[in-house]
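Worksheet for the structure shown next.
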Amino acid sequence: MKCDPILYRGAPPSLAVKPRLLRHFLLPLLIILLTIGLGYAGYRISEHFGIRTLSETGERQLELHARTVESELGKYTYLPSLLELESSVSQLLADPSAQNRVTVNQYLEGLNRRSRSRAIYVLDTTGRVMATSNWRDTDSYLGEDLSFRAYFQDAVRGQPGRFYGIGSTSGEPGYYLAHGLEEQGKIIGVAVIKVRLEALEERWQRARLEAYVSDENGIIILSSDPSRRLKSIRPLSADTKERLARSLQYYWWPLNELQPLERESLAEGVEKVTFANNSEVVTDHQEVSYLAQTRRLNDTPWDITLLTPLQDLRREAANQGMLVAVAFALLAFLLIAWNERRKVIATRLAAREALQEANNQLERKITERTTHLRASNERLKGQIRERRQAEDTLRRAQDELVQAGKLAAIGQMSTSIAHELNQPLAALRTLSGNTVRFLERGDLKVAADNLGTINNLVDRMGRITANLRSFARRGDDHGQASLGKAVDAALQLLANRMEESGVQLHRDLNDELLKIDQTRLEQILVNLIGNALDAMQGQPTPPQLWLTGEFSDDKYRLRVRDNGPGIDPEARKHLFEPFFTTKPGEQGLGLGLTLSASLAAAAGGNLSVEFPAIGGVAFVLLLPLVQPAKAEPI
Ligand code: ADP
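Numbering (full-length UniProt numbering), first residue to last: 1 to 634.
This is the structure:
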């Protein structure tokens with residue numbers, strides 16, 4: 001079964017290539033790009049939200065630690081102003097005698113011990129140290145001129161002196177708070193307290209906190225990481241550096257810049273900074289990123305910055321990005337698989353529908369053809385009926401013709417029959433008359449001989465009439481005939497004429513059983529031999545007749561040949577036409593060959609004519625054998 005090709009018609013080749021190209025090359029590329037893109041987006045989003053969470057937490061922590069620093073600094077804020085109340089201090093400033101100095105030194109020493117500050121000292125209005133808590137130490141400040149210090153300059157003008165610096169004597173960093181000592185509205189000296197803030201740094205380190213405090217110059221004065229200490233958080237101009245160096249605030253420190261590899265501002269006071277990894281702990285990372293949150297410390301020009309490492313967050317974000325990429329890749333894979341499956345199902349459905357359609361078409365065609373076949377079958381049946389009727393009519397006509405032919409032959413033969421019968425009749429008359437006379441004479445022997453002859457003559461006459469009867473009888477063509485008997489009967493019928501013409505007979509036949517009615521075969525033979533005798537009549541050469549036979553597959557071929565004058569070419573064309581005769585007067589009816597040919601054909605054989613080169617005519621009768629087998633000649 002063929003399906004309709006229209007149903008399977010694909011896309012034109014030029015168009016069919018492109019989707020395949022797209023599917024095989026562009027789609028995977030697109031999926032890979034999308035996977036990477038979405039993974040990166042996932043990473044960025046996760047990082048963004050992570051930073052937001054971190055900054056919220058960091059803000060709280062920053063607040064907490066800023067408060068701690070503020071309270072640490074606030075503890076000492078009012079300590080210098082307390083010295084205003086101490087009369088020994090004002091006495092010393094009014095009268096810098098050795099006695100007064102000793103008194104104040106001892107007082108300051110005690111105060112310093114109790115307040116756990118680094119040092120407390122008193123300066124006169126020129127900036128010279130009048131008394132100090134560390135008066136016993138070798139590197140005591142006593143007598144030193146500290147007028148260059150900014151805290152002194154502020155305090156002597158009546159402003160609070162706040163200062164972080166490295167001691168010019170000890171080289172030790174510290175936080176200096178200075179206060180102008182007033183008496184009766186006039187500043188008579190300056191009280192200074194130096195505090196060390198390392199405790200804060202230690203506390204940060206213990207809490208594993210990364211933080212630093214930068215002063216008004218942008219110099220880190222406190223840091224959980226010692227390597228960042230005394231570095232500037234922003235670039236310093238050459239002038240500033242010069243100024244700071246001259247002020248000796250940071251002693252001789254180079255004040256290098258804390259240079260981040262990358263800096264990104266996220267919000268007010270929130271930055272993302274990346275430093276090179278200077279940590280001694282060996283890690284895979286060459287750089288460390290932090291979320292830096294900065295806040296101004298109250299009552300100071302300082303800023304505290306909290307650094308929250310972003311490493312964990314980045315790892316987490318990378319995981320999230322990876323998860324998104326994998327999820328997308330999985331989804332894409334599932335979608336492709338689903339799409340492929342959908343296409344397969346669609347193709348199958350289309351094929352099934354096409355098959356169904358082809359089936360329907362086939363069924364329609366079968367129905368149409370069946371209808372046509374039925375109609376033509378009916379037509380054929382009608383034709384067969386008509387043909388049968390025609391055949392019946394033809395057979396009847398043939399029978400009639402045969403019968404007519406026979407009767408005609410009988411008519412033709414009547415003269416010779418009469419002659420044939422007259423002869424024995426005359427002999428009978430003579431013999432019977434003689435027999436009567438011989439009986440009267442008592443010659444019984446001769447009478448008996450005559451009676452025997454009479455008997456023979458009657459037998460002969462009986463045979464002649466029997467032949468005539470069987471010739472005239474209607475026969476059917478379903479019987480079988482003995483060739484030998486038929487030849488004998490025909491020769492018997494024509495014996496008289498053969499005798500008259502003195503024909504020489506050559507017989508070379510097999511006695512075969514042929515599929516034809518005996519009478520019909522005899523009739524054919526009588527016609528053919530009779531015609532030959534007619535043709536050879538009156539010719540100067542002695543007439544000869546050949547009856548020869550041979551097997552031809554399942555048939556037997558009988559040849560009746562004479563050495564007569566033959567047939568002229570014009571007459572040859574009309575030989576088998578009914579009523580064609582060349583015989584004069586009543587002698588010929590022109591039915592003999594026609595009837596013989598139709599009888600042969602009715603028996604499944606045929607009758608044809610040959611014209612041998614040596615002369616004469618040969619009629620060839622081909623008839624089917626009852627048992628197609630070879631036999632000996634008769
Ligand atoms: P009819 O014998 O009545 O003429 P046929 O049909 O038997 O009719 O023969 C038709 C004609 O064929 C004959 O008139 C004769 O001219 C020709 N014919 C038949 N047999 C022979 C033969 N053996 N030799 C020559 N002519 C023949």
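Yeah, the Cβ is synthetic: ideal placement off N, Cα and C, and Gly gets one too.
Which complete beta strand (DSSP E) runs does the stretch 126 to 172 hold, if anything under 3 residues is left out? 129 to 132 and 161 to 166
State the start and end residues of the unbroken beta strand (DSSP E) segment that holds TRP546. 544 to 552
How is VAL620 classed by DSSP in three states: helix, strand or coil? strand
Closer than 7 Å: GLY502 CB and nearest the ligand ADP heavy atom: no
Please name the residue, chosen from ILE166, GLU202, GLY158 and TYR251, that lies closest to GLY185 on a Cα-to-Cα basis. GLY158
State the start and end residues of the unbroken alpha helix (DSSP H) segment that holds GLY110. 98 to 115
Could you give the C-beta distance for GLY615 and GLY566, rounded to a whole number, given that I count them as a contact under 8 Å? 6 Å
Residue range of the unbroken alpha helix (DSSP H) whose run includes SER241: Note that residue 241 is Lys in the sequence shown here, rather than Ser. Run containing LYS241: 238 to 247, per the alpha helix (DSSP H) assignment.
Quick one: residues in its chain with C-beta nearer than 6 Å to the C-beta of VAL282, no 5 flanking neighbours on either side, listed in chain order? A caution first: VAL282 carries a pLDDT of 46, below 50, which makes its placement in the model too unreliable to give a value.
Closest residue to residue 637 among SER232, LEU547, THR169 and LEU623 (Cα-Cα distance): Past the edges of the chain, shown from 1 to 634, lies residue 637, and the structure says nothing about it.
Note down the Cα distance separating ILE187 from LEU181, rounded to an integer number of angstroms. 5 Å
Do ARG128 and THR300 have their C-beta atoms closer together than 8 Å? no
Indicate whether the contact test is met: 3 or more Cβ pairs, each with one atom in the stretch 570 to 580 and one in the stretch 530 to 549, closer than 8 Å. no
Less than 7 Å between the CB of ASN606 and some heavy atom of the ligand ADP, yes or no? no
Is any non-hydrogen atom of the ligand ADP found closer than 7 Å to the C-beta of ILE529, if you look at the structure I gave you? no
With a threshold of 8 Å, are at least 3 pairs of Cβ atoms found where one atom belongs to the stretch 340 to 356 and the other to the stretch 45 to 57? no
Quick check on the burial criterion: 16 or more other C-beta atoms within 10 angstroms. Buried or exposed for TRP252? exposed
Would the beta-carbon of ASP562 be found less than 7 Å away from any heavy atom of the ligand GDP? Absence of the ligand GDP from the depicted structure is noted, with the ligand ADP being the only ligands included.
For PHE611, the three-state DSSP class (helix, strand or coil): coil
Can PHE611 be considered in contact with the ligand ADP, in the sense that its beta carbon sits closer than 7 Å to one or more heavy atoms? no
From the DSSP output, in three-state form, read off VAL326 for me. helix
Integer-rounded CB distance, given that VAL190 should sit under 8 Å from LEU123: 5 Å
ARG20 in three-state terms, based on DSSP: helix
Short of 8 Å in beta carbon distance, which residues of its chain neighbour ARG228, apart from the five on each side in sequence? Order them along the chain. TYR212, ILE220 and LEU258
Is it true that the CB of LEU623 sits closer than 8 Å to the CB of LEU528? no
Where THR541 sits in the DSSP three-state scheme: coil
For GLN249 versus GLY143, is the C-beta spacing smaller than 8 Å? no
Between which two residues does the beta strand (DSSP E) harbouring GLN212 extend? Looking at the sequence itself, residue 212 is Tyr, so the reference to Gln does not match. From DSSP, the beta strand (DSSP E) with TYR212 extends over 210 to 214.
On the CB-based measure, 16 or more other CB atoms within 10 Å of its CB, does SER552 come out buried or exposed? exposed
Name the residue from GLU172, ALA199, THR169 and TYR151 whose alpha carbon lies nearest to the alpha carbon of HIS179. TYR151
Since GLY42 contacts GLN320 with CB under 8 Å, what's their CB separation in whole angstroms? 5 Å
Secondary structure of ALA317, DSSP reduced to three states: helix
Spatial neighbours of ALA131 in its chain, beta-carbon cut-off 7 Å, leaving aside the 5 residues before and after: LEU92, ARG101, VAL104, ASN105, LEU108, TYR121 and VAL122
Unbroken beta strand (DSSP E) run spanning ASP508, endpoints: 504 to 508
Where the beta strand (DSSP E) through LEU123 begins and ends: 119 to 124
Starting from GLY39, trace the alpha helix (DSSP H) in both directions and tell me its first and last residue. 27 to 74
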